[in-house]
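Just so you know, this note's numbering puts the end of the sequence shown at 61, numbered straight through with nothing missing. C-beta: ideal position from N, C-alpha, C; glycine also. Remember, it's a predicted structure, so these values are computed and weren't measured experimentally.
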Amino acid sequence: MPKSEKKKEAPMPMTGAGLIRFFEDETHGIKVKPTYVVVGCVLVMVSVILAHIFIGL
5 MPKSEKKKEA PMPMTGAGLI RFFEDETHGI KVKPTYVVVG CVLVMVSVIL
55 AHIFIGL
C-alpha cells in the first residue's frame, strides 16, 4: 500500500483502551479472605445436611 493511501485512512482506535480501571485506593469496610468465605459456605451446607439427616427438617 503506497504512503499516500495510508494517510487517507482513519486511525484505528485502541482496543479496550480505558475499559478496565484498576483501583488501588484503600476502601473501608469488612475485608474477608475468599478462603474464609468458601469455608463458611461449606460449613453451612454441612450443617444443613446434618439437620436434614438427624432432625428431619
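Assignment of G60 by DSSP, reduced to helix, strand and coil, places it in the coil class. The C-alpha of Y40 lies about 24 angstroms from the C-alpha of H56. Take the alpha-carbon of V36 and the one of M49: they are about 19 angstroms apart.
Assignment of I53 by DSSP, reduced to helix, strand and coil, places it in the helix class.
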